[in-house]
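Peer 1: Starting off with a structure, shown below.
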Amino acid sequence: MMAGSALRRLMAEYKQLTVNPPEGIIAGPVNEENFFEWEALITGPEGTCFEGGIFPAKLVFPPDYPLSPPKMQFICEMFHPNIYADGRVCISILHAPGDDPMGYESSAERWSPVQSVEKILLSVVSMLAEPNDESGANVDAAKMWREDREQFNKIAERLVRKTLGLPPPE
Amino acid sequence: MPVTLLDRLPLPNLKVYSAGSVLLLSVAMYYAVNVTSDPNWKANTTLQKQETASGIVEGEAAKMVQPAVTAVIAEPPMTDTKNFSDQFLEVMTFMMQEPLCMWTLINMAYCSLALFGFFIQKVVFGRLRVSEAQRVKDKFWNYLFYKFIFVFGVLNVQYMDEVLLWCSWFTLVGFLHLLGQLCKDRFDYLASSPTSARWANTRVLCLLMGILTAASALFMVAIVWGLPAGKDTFAFMAAECLLLGVSALHVLARFTLRAHDADAAGPAAYYTHLVFDAVSLVTETIHVAHMVVYSNVVVSMASLVLLMQLRHLLYAMLARLRRHRLYTALSSHMSRNYPMASAEEVLKHEDNCAICWEPMKEARKLPCSHLFHNSCLCRWVQQDASCPTCRRSLTAGGEARPAEPPLTGPNHLFHFDGSRYVSWLPSFSVEVTRRAGVDLGPGLAAATATAAAARPAPDAAAESTALVEQVQRLFPQYPRALLVTDLAVTRSAHLTIDNILEGRLPPPPPLRPAVAPAPAAPDAGADSPPLSDELDEDDSAENAFSATAAEREAALQRRKAELRAAARARFLRRRPAPAPAPAERSPRS
Ligand SMILES: [Zn+2]
Ligand SMILES: [Zn+2]
Numbered sequence: 097m098m099a100g101s102a103l104r105r106l107m108a109e110y111k112q113l114t115v116n117p118p119e120g121i122i123a124g125p126v127n128e129e130n131f132f133e134w135e136a137l138i139t140g141p142e143g144t145c146f147e148g149g150i151f152p153a154k155l156v157f158p159p160d161y162p163l164s165p166p167k168m169q170f171i172c173e174m175f176h177p178n179i180y181a182d183g184r185v186c187i188s189i190l191h192a193p194g195d196d197p198m199g200y201e202s203s204a205e206r207w208s209p210v211q212s213v214e215k216i217l218l219s220v221v222s223m224l225a226e227p228n229d230e231s232g233a234n235v236d237a238a239k240m241w242r243e244d245r246e247q248f249n250k251i252a253e254r255l256v257r258k259t260l261g262l263p264p265p266e
Numbered sequence: 009m010p011v012t013l014l015d016r017l018p019l020p021n022l023k024v025y026s027a028g029s030v031l032l033l034s035v036a037m038y039y040a041v042n043v044t045s046d047p048n049w050k051a052n053t054t055l056q057k058q059e060t061a062s063g064i065v066e067g068e069a070a071k072m073v074q075p076a077v078t079a080v081i082a083e084p085p086m087t088d089t090k091n092f093s094d095q096f097l098e099v100m101t102f103m104m105q106e107p108l109c110m111w112t113l114i115n116m117a118y119c120s121l122a123l124f125g126f127f128i129q130k131v132v133f134g135r136l137r138v139s140e141a142q143r144v145k146d147k148f149w150n151y152l153f154y155k156f157i158f159v160f161g162v163l164n165v166q167y168m169d170e171v172l173l174w175c176s177w178f179t180l181v182g183f184l185h186l187l188g189q190l191c192k193d194r195f196d197y198l199a200s201s202p203t204s205a206r207w208a209n210t211r212v213l214c215l216l217m218g219i220l221t222a223a224s225a226l227f228m229v230a231i232v233w234g235l236p237a238g239k240d241t242f243a244f245m246a247a248e249c250l251l252l253g254v255s256a257l258h259v260l261a262r263f264t265l266r267a268h269d270a271d272a273a274g275p276a277a278y279y280t281h282l283v284f285d286a287v288s289l290v291t292e293t294i295h296v297a298h299m300v301v302y303s304n305v306v307v308s309m310a311s312l313v314l315l316m317q318l319r320h321l322l323y324a325m326l327a328r329l330r331r332h333r334l335y336t337a338l339s340s341h342m343s344r345n346y347p348m349a350s351a352e353e354v355l356k357h358e359d360n361c362a363i364c365w366e367p368m369k370e371a372r373k374l375p376c377s378h379l380f381h382n383s384c385l386c387r388w389v390q391q392d393a394s395c396p397t398c399r400r401s402l403t404a405g406g407e408a409r410p411a412e413p414p415l416t417g418p419n420h421l422f423h424f425d426g427s428r429y430v431s432w433l434p435s436f437s438v439e440v441t442r443r444a445g446v447d448l449g450p451g452l453a454a455a456t457a458t459a460a461a462a463r464p465a466p467d468a469a470a471e472s473t474a475l476v477e478q479v480q481r482l483f484p485q486y487p488r489a490l491l492v493t494d495l496a497v498t499r500s501a502h503l504t505i506d507n508i509l510e511g512r513l514p515p516p517p518p519l520r521p522a523v524a525p526a527p528a529a530p531d532a533g534a535d536s537p538p539l540s541d542e543l544d545e546d547d548s549a550e551n552a553f554s555a556t557a558a559e560r561e562a563a564l565q566r567r568k569a570e571l572r573a574a575a576r577a578r579f580l581r582r583r584p585a586p587a588p589a590p591a592e593r594s595p596r597s
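Residue numbers (our numbering), protein chains in the order written: chain A, 97 to 266; chain B, 9 to 597.
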């Protein structure tokens with residue numbers, strides 16, 4: 097019963113994302129046998145060090161979606177202050193109202209059923225553009241972002257090329 | 009408790025099995041016809057029969073078969089001019105007596121059942137989805153395991169005839185159970201599908217009716233044959249029929265609820281499910297408890313398994329009870345504090361419910377004047393007492409406090425101390441955590457780890473044509489020009505193959521005739537602007553949301569490949585750094 101309403105909502109979101117996709121974003125279940133596991137492609141935002149990259153990520157939805165948020169994990173190599181080394185994304189919209197690992201988020205930014213896959217992905221795009229250096233998902237990346245932006249940009253460029261299947265610059 | 013031990017058993021496929029069965033049967037038939045063509049065969053076999061008959065102490069089941077067999081045997085000897093049906097009867101009689109022939113017959117019966125099941129699956133369900141097939145497989149082994157326990161552990165059956173009768177009974181019941189499971193899964197799938205597949209629904213409905221009819225027929229069998237064999241036997245058989253019927257009726261009820269567009273968690277739907285859940289849980293618990301009492305063995309493998317099952321059932325029952333208490337507490341709280349919106353308000357509010365994205369016919373209104381379905385709001389408030397849209401706290405509004413107690417209050421109620429009822433029952437406490445943690449699959453870590461290191465540039469001596477050949481051999485369907493372009497960029501067969509496999513290169517024309525010119529476009533030079541324009545146009549044309557899963561999956565795959573290809577082209581246009589690289593590497597420099 098629960099999964100039924102989750103499925104209907106996911107199907108509605110999938111339809112909306114297909115018919116009216118936001119610029120540079122594609123998301124949907126790779127195999128509809130399992131509608132609770134999606135793959136998304138996010139284009140790195142213009143005018144940032146991630147510009148032009150196509151970053152694939154996996155979204156896993158709970159059976160009681162949209163009451164609980166999905167989990168998101170990049171499946172390409174990432175280097176970003178708000179992304180863990182294993183690709184998991186640390187962003188307030190993905191946190192359920194109950195849990196608060198960082199202890200600083202106001203509940204207004206947290207997950208609520210009115211949020212959606214589209215809103216999550218757009219938030220992730222803006223996170224790529226402007227890292228939130230308060231959350232230390234990747235401390236090295238956060239430090240480099242603050243202190244050595246040039247090196248950070250170089251790494252980002254390598255990652256962008258990698259997602260496009262291009263060799264690293266010489 | 010799913011039993012997955014036997015999952016890896018190598019089963020022959022249906023074609024081989026049925027061919028083998030038919031072959032076996034014809035051999036047995038041939039043998040039987042040969043034997044019975046001798047007019048004196050009966051004298052020989054009845055003699056044998058009488059010798060062995062004294063050795064057989066017949067059980068209840070044997071009693072049922074025996075009269076029929078002896079009646080046939082008692083027939084007067086035939087004349088030579090036998091007609092066909094008489095001869096057939098004789099052959100059958102012989103085959104029933106001859107153990108080897110009888111096993112072939114039984115095997116044939118199973119084979120026909122398997123074929124019948126296959127036929128139903130083809131007609132009603134079509135191709136099974138992976139999850140459905142898996143569910144059926146699990147259920148099958150589970151069922152087999154418990155019935156084995158039942159026949160040998162509980163009934164302690166010792167005579168072949170009895171075993172055979174119980175086997176055929178459980179085969180039929182189990183067969184219907186599996187079909188019922190398939191119907192349920194398929195209904196869930198159809199209910200969540202965006203298109204209304206009327207015909208598919210009708211077929212599933214017909215099958216459900218068939219299952220119900222068969223369940224009542226089995227119940228008649230239980231009355232006619234089970235009742236004379238004793239009250240216990242009858243109760244066992246009847247419980248099986250009841251469980252079968254209830255599960256089929258439950259799926260039918262879901263169909264009805266959906267046809268009437270019932271609110272998924274509204275009172276009508278809720279109490280319907282409650283009744284069905286209660287009936288099936290109580291029946292099953294009584295059934296298992298009956299087995300425990302009947303088997304009357306204090307410590308044995310069978311009773312242990314049964315007790316585990318009983319425990320599991322009690323657990324499920326308590327969980328259901330708790331859910332029910334939560335539901336009633338919550339719905340009374342909601343109706344006290346948040347009034348239903350007036351019809352006018354609902355009409356004025358044009359948006360769908362923000363939680364489920366479905367239209368609202370009636371809605372509940374929060375103090376902040378946001379509207380939601382009653383059921384959606386109910387489920388959300390259990391988790392977080394705030395308005396989903398504006399995040400205003402619902403508990404801050406004075407007397408809204410009672411929202412908390414039903415959430416955490418009844419927890420302690422569900423500690424179950426089994427030893428208070430029966431000394432050997434275990435004690436446990438039930439904690440129903442609603443948020444099932446979904447972990448990301450283990451495959452992810454591996455995927456991110458692959459190819460992390462930058463690949464070394466290919467040997468300078470490697471001819472680019474050799475690389476093209478190498479890739480072309482693997483992907484003959486890709487146009488050569490496309491491979492040449494990509495190899496010029498990657499300078500590595502591995503990377504290009506990766507690009508093809510991961511969809512970064514546009515798929516070859518046969519998949520998609522409309523884009524036939526697209527793969528050729530890069531040939532003209534990476535900086536040709538028409539490529540992205542063309543893709544954009546295609547995008548808008550293909551944004552239609554297909555009706556079938558396969559089409560949607562293919563379209564998604566295609567859109568991803570296009571996004572990647574466009575991004576590559578754009579990137580190379582802006583930063584053409586790697587393009588001249590092959591020239592630098594040429595022997596001239
Ligand atoms: Zn709703
Ligand atoms: Zn509100």
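For glycine and all other residues, C-beta sits at the position ideal for the given N, C-alpha and C.
Alpha carbon to alpha carbon, how far is H320 (chain B) from F422 (chain B)? Give it in angstroms, no decimals.
Peer 2: Note on F422 (chain B): pLDDT 35, under 50, position unreliable in the model; the coordinate value appears next. One C-alpha to the other measures close to 14 Å.
Peer 1: For the segment 134 to 160 of chain B, list every residue whose C-beta sits within 7 Å of some C-beta in chain A, in sequence order.
Peer 2: Listed in sequence order: R137, V138 and S139.
Peer 1: How many angstroms separate the CA atom of P521 (chain B) from the CA atom of A555 (chain B)?
Peer 2: Low local confidence applies: a pLDDT of 37 at P521 (chain B) is under 50, so the model's placement there is unreliable, and no value is given.
Peer 1: Below 8 Å on the Cβ atoms is my contact criterion, and I expect V256 (chain A) with G100 (chain A) to pass it. Report the Cβ-Cβ distance as a whole number of Å.
Peer 2: No, V256 (chain A) and G100 (chain A) are not in contact; Cβ-Cβ is about 40 Å, not under 8 Å.
Peer 1: Across which residues does DSSP place E135 (chain A) in a beta bridge pair?
Peer 2: Answer by DSSP bridge pairing, in chain order: A:G124 and A:K154.
Peer 1: Taking only beta-carbon atoms, is E561 (chain B) less than 8 Å away from chain A?
Peer 2: Taking Cβ atoms only, chain A reaches closer than 8 Å to E561 (chain B), which makes this a yes.
Peer 1: Under 8 Å by Cβ, that's how I've got A153 (chain A) and F170 (chain A) pegged, so tell me the actual separation to the nearest angstrom.
Peer 2: Contact flag correct, Cβ pair sits at about 5 Å.
Peer 1: Check for me: the beta strand (DSSP E) holding Q317 (chain B) runs from which residue to which?
Peer 2: No beta strand (DSSP E) contains Q317 (chain B), which is instead part of the alpha helix (DSSP H) from M309 to N345.
Peer 1: Taking P396 (chain B) as the query, report the chain A residues whose CB atoms sit under 7 Å from its CB, ordered along the chain.
Peer 2: By Cβ distance, chain A contributes S208, P209 and V210.
Peer 1: So, is the C-beta of E358 (chain B) closer than 8 Å to a C-beta in chain A?
Peer 2: E358 (chain B) does not count as touching chain A.
Peer 1: For H298 (chain B), name the three-state secondary structure that DSSP assigns.
Peer 2: H298 (chain B) falls in the helix class under three-state DSSP.
Peer 1: Quick one: Cα of V65 (chain B) to Cα of Y335 (chain B), how far?
Peer 2: Note that V65 (chain B) scores 39 on pLDDT, short of 50, meaning its location in the model is unreliable; the coordinates nonetheless yield the value given after this. The alpha-carbon atoms of V65 (chain B) and Y335 (chain B) are separated by roughly 57 Å.
Peer 1: Tell me, to the nearest whole angstrom, how far the beta carbon of L318 (chain B) is from that of T291 (chain B); I am working on the premise that it is less than 8 Å.
Peer 2: Their Cβ separation, rounded to whole angstroms, is 13 Å, which puts L318 (chain B) and T291 (chain B) out of contact at 8 Å.
Peer 1: With I122 (chain A) and V221 (chain A) assumed to form a contact (beta carbons below 8 Å), what rounded beta-carbon distance in angstroms separates them?
Peer 2: With 8 Å as the limit, I122 (chain A) and V221 (chain A) do not qualify as a contact, their Cβ atoms being about 13 Å apart.
Peer 1: Would you kindly work out how many angstroms separate the C-alpha atoms of T259 (chain A) and L103 (chain A), rounded to a whole number?
Peer 2: Going from the Cα of T259 (chain A) to the Cα of L103 (chain A) covers about 31 Å.
Peer 1: At 9 Å on the CB atoms, spell out the chain A contacts of D285 (chain B), in chain order.
Peer 2: Going along chain A, no residue has its Cβ under 9 Å from D285 (chain B), so there is no contact; the nearest lies around 11 Å.
Peer 1: Return no unless some Cβ of chain B is closer than 8 Å to the Cβ of T139 (chain A).
Peer 2: Cβ-Cβ to chain B under 8 Å: yes for T139 (chain A).
Peer 1: Just the C-alpha distance for F227 (chain B) and A246 (chain B), rounded to the nearest angstrom, thanks.
Peer 2: For F227 (chain B) and A246 (chain B), the distance between alpha carbons rounds to 6 Å.
Peer 1: What are the boundary residues of the beta strand (DSSP E) that includes M168 (chain A)?
Peer 2: K167 to F170 is the extent of the beta strand (DSSP E) around M168 (chain A).
Peer 1: Could you check whether the Cβ of R400 (chain B) sits closer than 7 Å to any heavy atom belonging to ligand 3?
Peer 2: By its list of ligands, the structure shown excludes ligand 3, since it contains just ligand 1 and ligand 2.
Peer 1: Could you please give the first and the last residue of the uninterrupted alpha helix (DSSP H) stretch that includes H191 (chain A)?
Peer 2: Unbroken run through H191 (chain A): none, as it is neither H nor E.
Peer 1: What does R184 (chain A) pair with, by DSSP beta-bridge criteria?
Peer 2: Partner(s): A:Q169.
Peer 1: Measure the CB-CB distance between Y151 (chain B) and G188 (chain B) and report whether it falls below 8 Å.
Peer 2: No, the Cβ-Cβ distance between Y151 (chain B) and G188 (chain B) is not below 8 Å.
Peer 1: Mind checking A552 (chain B): buried by the 16 CB within 10 Å criterion, or exposed?
Peer 2: Answer is exposed; the Cβ neighbour count stays below 16.
Peer 1: Three-state secondary structure (DSSP) at M174 (chain A)?
Peer 2: Looking at M174 (chain A) - three-state DSSP - the assignment turns out to be coil, as it is neither helix nor strand.
Peer 1: Opposite I179 (chain A) in the DSSP bridges: which residues?
Peer 2: DSSP output for I179 (chain A) lists A:V185 as bridge partner(s).
Peer 1: Per DSSP, which residues does L379 (chain B) bridge with? Please list them.
Peer 2: DSSP output for L379 (chain B) lists B:K373 as bridge partner(s).
Peer 1: Apart from the five residues on each side of it in sequence, which residues of its chain come closer than 7 Å, Cβ to Cβ, to N209 (chain B)?
Peer 2: If we look at N209 (chain B) and ignore the five residues flanking it on each side, its Cβ neighbours are L198.
Peer 1: According to DSSP, S394 (chain B) sits in a beta bridge with which residue or residues?
Peer 2: Partner(s): B:S401.
Peer 1: Can you have a look at G28 (chain B) and say buried or exposed, based on whether 16 or more other CB atoms are within 10 angstroms of its CB?
Peer 2: Exposed, since its Cβ has fewer than 16 Cβ neighbours within 10 Å.
Peer 1: Figure out for me which residue from A:P141, A:C145, A:E109 and A:E243 has the closest Cα to the Cα of D229 (chain A).
Peer 2: Taking only the C-alpha atoms, the option nearest D229 (chain A) is A:E243.
Peer 1: For ligand 1, is there a heavy atom less than 7 Å away from the beta-carbon of E366 (chain B)?
Peer 2: Indeed, a heavy atom of ligand 1 lies less than 7 Å from the Cβ.
Peer 1: Pair every Cβ in the segment 334 to 353 of chain B with every Cβ in the segment 369 to 389 of chain B, then say whether three or more of these pairs are closer than 8 Å.
Peer 2: Output reads yes: the segment 369 to 389 of chain B touches the segment 334 to 353 of chain B.
Peer 1: Would you list the residues sitting across from M348 (chain B) in a DSSP beta bridge?
Peer 2: Paired residues: B:R372.
Peer 1: At 9 Å on the CB atoms, spell out the chain A contacts of A199 (chain B), in chain order.
Peer 2: Under the 9 Å cutoff, chain A gives G100, L103 and R104.
Peer 1: Considering only their Cβ atoms, is the gap separating W365 (chain B) from R105 (chain A) smaller than 8 Å?
Peer 2: Result yes, Cβ atoms of R105 (chain A) and W365 (chain B) sit closer than 8 Å.
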